[in-house]
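Since the structure comes first, as structure tokens, the remarks are kept for the end.
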Amino acid sequence: MAQKTQESWTTGVHVDGSFRIDTVILGAGSMGLATAYALSRRGRKVALLDRHMPPHTFGSHHGETRLFRMAYAEGDAYVPLLQDARQMWLELEARTSSESGRGALPLFAQTGVLNAARPDANLLRGVRESLIRY
Ligand SMILES: Cc1cc2nc3c(=O)[nH]c(=O)nc-3n(C[C@H](O)[C@H](O)[C@H](O)COP(=O)(O)OP(=O)(O)OC[C@H]3O[C@@H](n4cnc5c(N)ncnc54)[C@H](O)[C@@H]3O)c2cc1C
1 MAQKTQESWT
11 TGVHVDGSFR
21 IDTVILGAGS
31 MGLATAYALS
41 RRGRKVALLD
51 RHMPPHTFGS
61 HHGETRLFRM
71 AYAEGDAYVP
81 LLQDARQMWL
91 ELEARTSSES
101 GRGALPLFAQ
111 TGVLNAARPD
121 ANLLRGVRES
131 LIRY
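Residue 134 is where the sequence shown ends in UniProt numbering, and the numbering goes up by one at each step.
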């Protein structure tokens, strides 16, 4: 079971009764939770520490939605990571749906994205490179 105090939160998901812990992650936000999930699926005992009780509104992870896109303005080097991310979101969606006992839990919705900028804008250069290469 999760152990809760006012100042910290430690996941109990993979902490056994003897409190053996392989990895301690500081910050249970987007990166910390994703890392803990990946490590715990590999059998690691993980403890997450956070100054607030996640999910909360004092970090970057709050809000209802996030998007990512394959036509990536910051450069095509990111696209393989984004393709992996898409696959992992789909796996997480399938896993949480099957474990919920309540049927499909939609986590991922695929939509289109419209980028509008001047033809010579830096934004479009990365988008174009991503589209051409992938
Ligand atoms: C409004 C908004 C919209 C966004 N939209 C997108 C989007 O569409 N697509 C996208 O890819 N990204 C988006 N981002 C960015 C994305 O949300 C962040 O990159 C991501 O959440 C960062 O994850 P993180 O784990 O680094 O930080 P966080 O999720 O903020 O986690 C950090 C955690 O560390 C904890 N912490 C901090 N200091 C300490 C301390 N001293 N001790 C203990 N714990 C501590 C915090 O409480 C927090 O829980 C958006 C961000 C914002 C704010």
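Cβ coordinates follow ideal geometry from the N, Cα and C atoms, glycine included.
In this text the structure is predicted, and so the values were computed from the model without any measurement.
Mapping DSSP to helix, strand and coil, what is residue i?
i, result
"V79", "helix"
"L26", "strand"
"A47", "strand"
"T35", "helix"
Shorter than 7 angstroms, the distance from the beta carbon of residue i to the closest heavy atom of ligand 1, or not?
i, result
"S97", "no"
"S60", "yes"
"P54", "yes"
"D50", "yes"
"A104", "no"
"R66", "yes"
"G112", "no"
Buried or exposed, going by whether 16 or more other CB atoms sit within 10 Å of the CB of residue i?
i, result
"Y134", "exposed"
"L33", "buried"
"V24", "exposed"
"G29", "buried"
"D50", "buried"
Rounded to the nearest angstrom, how far is the Cβ of residue i from that of residue j, given a contact under 8 angstroms?
i, j, result
"V113", "A73", "Not confirmed; about 10 angstroms, so no contact."
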